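Visitor: To start, I am sharing the structure in question, which I have written as structure tokens.
There are 2 protein chains.
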Amino acid sequence: MRADAQKNYEKLLEVAQQVIAEVGAEASLRDIARRAKVGLGTLYRHFPTREALLEALLRTHFEALAAKADTLQRASASDQALVAWLQEIIEFTYRQRGILAPMMSAIEDESSALHDACVRLRSSGAALLARAQKDQKARRDLDGDALFDLIAALAWLREQPSHQVRAERIFQLITGAILMEAATAS
Amino acid sequence: MRADAQKNYEKLLEVAQQVIAEVGAEASLRDIARRAKVGLGTLYRHFPTREALLEALLRTHFEALAAKADTLQRASASDQALVAWLQEIIEFTYRQRGILAPMMSAIEDESSALHDACVRLRSSGAALLARAQKDQKARRDLDGDALFDLIAALAWLREQPSHQVRAERIFQLITGAILMEAATAS
DNA sequence: ACCTGAACACCGTTCAAGT
DNA sequence: ACCTGAACACCGTTCAAGT
Numbered sequence: 640m641r642a643d644a645q646k647n648y649e650k651l652l653e654v655a656q657q658v659i660a661e662v663g664a665e666a667s668l669r670d671i672a673r674r675a676k677v678g679l680g681t682l683y684r685h686f687p688t689r690e691a692l693l694e695a696l697l698r699t700h701f702e703a704l705a706a707k708a709d710t711l712q713r714a715s716a717s718d719q720a721l722v723a724w725l726q727e728i729i730e731f732t733y734r735q736r737g738i739l740a741p742m743m744s745a746i747e748d749e750s751s752a753l754h755d756a757c758v759r760l761r762s763s764g765a766a767l768l769a770r771a772q773k774d775q776k777a778r779r780d781l782d783g784d785a786l787f788d789l790i791a792a793l794a795w796l797r798e799q800p801s802h803q804v805r806a807e808r809i810f811q812l813i814t815g816a817i818l819m820e821a822a823t824a825s
Numbered sequence: 640m641r642a643d644a645q646k647n648y649e650k651l652l653e654v655a656q657q658v659i660a661e662v663g664a665e666a667s668l669r670d671i672a673r674r675a676k677v678g679l680g681t682l683y684r685h686f687p688t689r690e691a692l693l694e695a696l697l698r699t700h701f702e703a704l705a706a707k708a709d710t711l712q713r714a715s716a717s718d719q720a721l722v723a724w725l726q727e728i729i730e731f732t733y734r735q736r737g738i739l740a741p742m743m744s745a746i747e748d749e750s751s752a753l754h755d756a757c758v759r760l761r762s763s764g765a766a767l768l769a770r771a772q773k774d775q776k777a778r779r780d781l782d783g784d785a786l787f788d789l790i791a792a793l794a795w796l797r798e799q800p801s802h803q804v805r806a807e808r809i810f811q812l813i814t815g816a817i818l819m820e821a822a823t824a825s
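One line per chain: the protein sequences are D and C, in this order.
Take 640 as the starting number for the first sequence in this note's numbering and just add one per residue.
Take 640 as the starting number for the second sequence in this note's numbering and just add one per residue.
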């Protein structure tokens, strides 16, 4: 990549990070280009779709979550590992308002730039769930897909202002429904 | 209301019904006015906000849901009444794609045209929940607000194409978490 | 190679001008 | 009273023209 292109790329990511933190993932791409002092076409050259921009922006976060799942898988009791990871991923998506809708479409759309990241998250979750199930700590009638749905629902709720005060309670209700009774006694 | 105004009003509702069924609640207002063969200002005169249009469009549905809750309250076992009503409301919102986001903001925003309808739904749910709790059939650590959150989460999930195949399973998981174990034995 | 911004086809919202 | 549509301030996306 040419030096000027590299600079534009980085400036765009930096500004996009800010703008999306301010107004959410539906932020105006025009506005991002403007604030990065870059032509609109330059933004489209580096990031052909909004999903490509989001993916570049969140790549390190996605990787960190996958790594975290591996660590928990080895370091913690299976039920606690699952719950802790759910908490992590929901906190992450909460910090990236508006990321949930694109993630839910991406998981089905193999051409989406976010597809791979979502699939990786889903399989991290599936692995944690599988271990908890083997330990008799989680219901066996769930799979990684169902877990992903539940995460998405919790994460979407978390985005809703009216839900804030009940976030913790609802999280426990759902995780309680995933885990088996015996797990709470440990 | 003048005869021509009345006619425009009805034509707008009719067209809006169609367009929203096709593309969801975020449909272009411009497009609705165009297809109703009415000036854009006329749409704004009759429906000053998108929420006002949605409210007019869904008023009868909202009332039917409240009435259904009353019927179930009297006619069915408390746990079955609650589950049946949850199913109804989720089916309803599913038919009105995109209605969930405005409903979730409306419940907190007293100035929203959808506010009253949402509050009414929430209290219908709260009444059903209260009876089930009195019968020892539902967890006592939930209230109408929490139930509304859970309904919203389920209804939002239902809008997601990737979730379709698991809709029934996740619905049962959540309702199972609301109801107490004894209830499933009845 | 890469950048730029005008151009196009859309929005939501307001409001002067018409009947 | 009510209706109309132009006007304004925005979008996303593409692409000819520039360096």
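Each residue gets a CB set at the ideal place from its N, CA and C atoms; glycine is no exception.
All values derive from a computational prediction rather than experimental measurement.
8 Å is my cut-off, CB to CB: does Pro-800 of chain C come that close to chain D?
Guide: Taking the first residue of the second sequence as 1, we reach residue 800 of chain C at position 161. True, the Cβ-Cβ gap to chain D drops below 8 Å.
Visitor: Rounded to the nearest angstrom, what separates Ala-705 of chain C and Leu-760 of chain C at their Cα positions?
Guide: Mapped onto the second sequence, residue 705 of chain C falls at position 66. Mapped onto the second sequence, residue 760 of chain C falls at position 121. Spanning the two alpha carbons is a distance of roughly 6 Å.
Visitor: Cutting at 6 Å between CB atoms, please list the residues of its own chain near Asp-774 of chain D, excluding the five before and the five after it.
Guide: Residue 774 of chain D sits at position 135 when you count from the first residue of the first sequence. Taken in chain order, the residues that qualify are Ser-717.
Visitor: According to DSSP, is Leu-818 of chain C part of a helix, a strand, or is it coil?
Guide: What you label residue 818 of chain C is simply residue 179 of the second sequence in a count that begins at 1. It is a strand residue.
Visitor: Counting beta carbon pairs with one atom in the segment 712-730 of chain D and one in the segment 786-795 of chain D, are three or more of them shorter than 8 Å?
Guide: In short, these stretches touch, since the Cβ pair count reaches three.
Visitor: Ala-777 of chain D by DSSP, collapsed to three states: which one?
Guide: For the purposes of this step, residue 777 of chain D is identified with residue 138 of the first sequence, where counting begins at 1. Residue state, collapsed to three classes: strand.
Visitor: To which residues of the same chain is Val-658 of chain C closer than 7 Å at the C-beta, ignoring the five residues directly before and after it?
Guide: Within the second sequence, numbered from 1, the residue matching residue 658 of chain C stands at position 19. Answer for Val-658 of chain C: Ala-666, Asp-670, Ile-671, Arg-674, listed in chain order.
Visitor: Could you tell me if Glu-690 of chain C is buried or exposed, where buried requires 16 or more neighbouring beta carbons within 10 angstroms of its beta carbon?
Guide: Position 51 of the second sequence holds residue 690 of chain C. Counting Cβ neighbours within 10 Å, Glu-690 of chain C comes out buried, since at least 16 surround it.
Visitor: Check whether the Cβ of Gly-663 of chain D lies closer than 8 Å to any Cβ atom in chain C.
Guide: Taking the first sequence and counting its residues from 1, one reaches residue 663 of chain D at position 24. Taking Cβ atoms only, chain C never reaches closer than 8 Å to Gly-663 of chain D, which makes this a no.
Visitor: Nearest CA to the CA of Ser-801 of chain C: which residue from D:Gly-783, D:Leu-812, D:Gln-719, D:Ile-809?
Guide: Taking the first residue of the second sequence as position 1, residue 801 of chain C is located at position 162. Nearest option by C-alpha distance: D:Gly-783.
Visitor: Let me know if Gly-764 of chain C comes out buried or exposed under the rule of 16 or more other beta-carbons within 10 Å of its beta-carbon.
Guide: Residue numbering aside, residue 764 of chain C sits at position 125 when the second sequence is read from its first letter. Buried, by the Cβ-count rule.
Visitor: Measuring CB to CB, does Leu-652 of chain D end up less than 8 Å from Leu-696 of chain D?
Guide: Reading the first sequence from its first residue, position 13 is the one you call residue 652 of chain D. Reading the first sequence from its first residue, position 57 is the one you call residue 696 of chain D. Yes. Within cutoff.
Visitor: Would you tell me roughly how many angstroms separate the C-alpha atoms of Arg-662 of chain C and Arg-736 of chain C, rounded to the nearest one?
Guide: Residue mapping note: residue 662 of chain C aligns to position 23 of the second sequence, counting from 1. Residue mapping note: residue 736 of chain C aligns to position 97 of the second sequence, counting from 1. The question names Arg, but residue 662 of chain C in the sequence shown is Val. Each residue's Cα considered, the two are about 8 Å apart.
Visitor: Using a Cβ-Cβ distance cut-off of 8 Å, determine whether Thr-823 of chain C contacts chain D.
Guide: One-based indexing of the second sequence puts residue 823 of chain C at position 184. The predicted model places Thr-823 of chain C with a pLDDT of 46, which falls under 50 and marks its position as unreliable, so this point remains unresolved.
Visitor: Is there a C-beta anywhere in chain D that falls below 8 Å from the one on Gly-783 of chain C?
Guide: Residue numbering aside, residue 783 of chain C sits at position 144 when the second sequence is read from its first letter. Gly-783 of chain C does not count as touching chain D.
Visitor: If we define contact as Cβ-Cβ less than 8 Å, is Ile-738 of chain D a contact residue for chain C?
Guide: Along the first sequence, read from residue 1 onward, the residue named residue 738 of chain D stands at position 99. No, Ile-738 of chain D does not count as interfacial toward chain C.
Visitor: Just the chain D side, please: which residues come within less than 7 Å of Met-743 of chain C by C-beta, in chain order?
Guide: Counting from one through the second sequence, the residue named residue 743 of chain C turns up at place 104. Per Cβ cutoff of 7 Å: Gln-799, Ser-801.
Visitor: Could you list which residues in chain C have their beta carbon closer than 8 Å to that of Asp-774 of chain D, in chain order?
Guide: Residue 774 of chain D sits at position 135 when you count from the first residue of the first sequence. Ordered by position in chain C, no residue passes the 8 Å Cβ test against Asp-774 of chain D, which lies about 19 Å from the chain.
Visitor: Considering only C-alpha positions, which residue in the set C:Ser-744, C:Leu-739, C:Ser-751 is nearest to Gln-799 of chain C?
Guide: Numbered from its first residue, the second sequence carries residue 799 of chain C at position 160. Out of C:Ser-744, C:Leu-739, C:Ser-751, C:Leu-739 has the C-alpha closest to the C-alpha of Gln-799 of chain C.
Visitor: Does Asp-643 of chain D come out as helix, strand or coil in the three-state DSSP assignment?
Guide: As a working mapping, residue 643 of chain D is identified with position 4 in the first sequence. Asp-643 of chain D: helix per DSSP, three-state reduction.
Visitor: Can you tell me which of the three DSSP states Thr-732 of chain C falls into?
Guide: Translated into positions along the second sequence, residue 732 of chain C becomes position 93. Here Thr-732 of chain C sits in helix by DSSP.
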